[in-house]
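Engineer:
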Amino acid sequence: EWVRGDVFMVHVLLAANAMKAGMEVVKPLLVGKEERKPLGKVVIGTVEGDIHDLGKNMVAAMLMAEGFEVVDLGVDVPAEKFVEVVREVSPDIVGLSALMSVSMEGQRKTVEALKEAGLKDRVKVIVGGAPVTAEWAEEIGADGYAEDAFEATKVAKKLIGR
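Using our numbering, the first residue of the sequence shown is number 1333, and each one after it goes up by one.
1) To which residues of the same chain is E1483 closer than 7 Å at the C-beta, ignoring the five residues directly before and after it?
2) Among the candidates V1455, K1369, G1493, K1489, whose CA atom is the shortest distance from the CA of V1415?
3) Here's a check: name, in chain order, each residue in its chain whose Cβ is nearer than 6 Å to the Cβ of G1381, leaving out the five neighbours to either side.
4) In angstroms, rounded to a whole number, what distance separates the CA positions of A1466 and E1356?
5) Which residue wins for smallest C-alpha separation from R1368, given the options E1398, L1451, L1346, L1386?
6) Give me, in chain order, the residues of the same chain whose beta-carbon lies closer than 7 Å to that of R1494; leave out the 5 immediate sequence neighbours on both sides.
7) Among the residues of its own chain, which have a CB less than 7 Å from the CB of M1394, if the five just before and after it don't count?
8) Whole-angstrom Cβ separation of G1427 and V1391, contact assumed at under 8 Å?
9) Please give me, in chain order, every unbroken run of the beta strand (DSSP E) with length at least 3 that falls completely inside the stretch 1370-1450.
10) Pull up the DSSP beta-bridge partners for I1458, would you.
11) Between which residues of its own chain and V1464 is the CB-CB distance below 8 Å, once the five residues before and five after are set aside?
12) Which residues in the same chain have their Cβ closer than 6 Å to the Cβ of V1459, if we skip the five residues on either side of it in sequence?
13) Whose C-alpha, out of R1419, K1373, L1346, is nearest the C-alpha of G1402?
14) Please state the DSSP three-state secondary structure of D1453.
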């Protein structure tokens, strides 16, 4: 509706803030109380130059609900930080979010940094965000692309053979 001009940006931001507040309440319920072995470990973040986190937060919540352990690095995360955390926690998957077309280059930079550090063969990279496409994912060497949070869980499971 925002793209068509039916809704103003202020309404989108208000909805995003409401969603963020609601996720804090719902997140413990999604994860559950019983102890279970995680399906896998995911490091997720919004790439450098981008401070938007609604989509990333939704993906993180869905992954947790599906049984993944999620390490959320937040927003405006430099490629070097992703490399550092991948070394520390040895995830199965790295999720890179970018909401703005100008910040998509941060996804490419992070994939390249993982390659240069010799870590790309140890993790699967999923990219997503409003301007991101499957073609972009292929171009930068990502292993997967997800259009939304539901698709992200399917792609994550597929990439780790679940």
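Ideal placement from N, C-alpha and C gives every residue a C-beta, glycine not left out. Just so we're clear, the structure is a prediction, and the values are computed from it rather than from any experiment.
Structural biologist: According to the structure data:
1) none
2) V1455
3) S1435, G1438
4) 30 Å
5) E1398
6) L1371
7) A1481, F1482, A1484, T1485
8) 6 Å
9) 1373-1378, 1401-1404, 1425-1429
10) G1427, G1476
11) A1430, M1436, Q1439, Y1477
12) L1428, Q1439, A1469, A1474, Y1477
13) For the sequence presented, residue 1402 should be read as Val rather than Gly. Ranking R1419, K1373, L1346 by Cα distance to V1402 puts K1373 first.
14) helix
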